[in-house]
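Q: So the sequence shown is numbered by the numbering used here: it starts at 9 and just counts up by one.
Positions of the beta carbon are idealized from the N, C-alpha and C atoms, including for glycine.
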Amino acid sequence: MASPSEPLSRDLLLEQLSDALLVPTDHAEMAALLSDLCTPAELHSLAERWQVARLLDTTDKSYREIHDDTGVSTTTIVRVARFLKHEPHLGYRRTLDAVKSRQNKGARDVR
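#1: Using a 10 Å radius around the Cβ and a threshold of 16 neighbouring Cβ atoms, would you call residue 49 buried or exposed?
#2: At what residues does the alpha helix (DSSP H) containing residue 56 begin and finish?
#3: Do residue 60 and residue 88 count as a contact pair if the criterion is CB distance below 8 Å?
#4: Are the stretch 57-77 and the stretch 91-102 in contact at 8 Å, needing three or more beta carbon pairs?
#5: Excluding the five sequence neighbours on either side, which residues of its own chain have a C-beta within less than 7 Å of the C-beta of residue 68, listed in chain order?
Structure (structure tokens):
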């Protein structure tokens, strides 16, 4: 492990951040952590990307329609679409599927 004065590798920094993001156990705790970690502009950008990912996943809207509805730039929409559909990370895909699964489970539990 690097000493406190040595810069950490990008991979180690991402691993440590991922560990921290796994700690909050509810929406309030996560909101508090994200508010501490990110500037308001960064939070807004993250929220916009998530909104775009959800729209791309659940609607047949064109990029232009998503832009018109949300105000998100088409450049951002294209980037989200590329990561959602073509990149190997599968972060958007796995998370969208997990959220849908939780929502479906919640709907079944209400019945």
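A: Answer, in terms of the structure:
#1: Translated into positions along the sequence shown, residue 49 becomes position 41. Looking at its Cβ environment, which holds fewer than 16 other Cβ atoms inside 10 Å, residue 49 is exposed.
#2: Locating residue 56 in the sequence shown gives position 48, counting from the first residue. Its alpha helix (DSSP H) spans residues 48-66.
#3: Counted from its first residue, the sequence shown places residue 88 at position 80. Counted from its first residue, the sequence shown places residue 60 at position 52. Yes; because the gap between Cβ atoms is below 8 Å, this pair is in contact.
#4: yes
#5: Here residue 68 refers to the residue found at position 60 when the sequence shown is read from its first residue. Counting only Cβ-Cβ distances below 7 Å, and skipping sequence neighbours, we find nothing.
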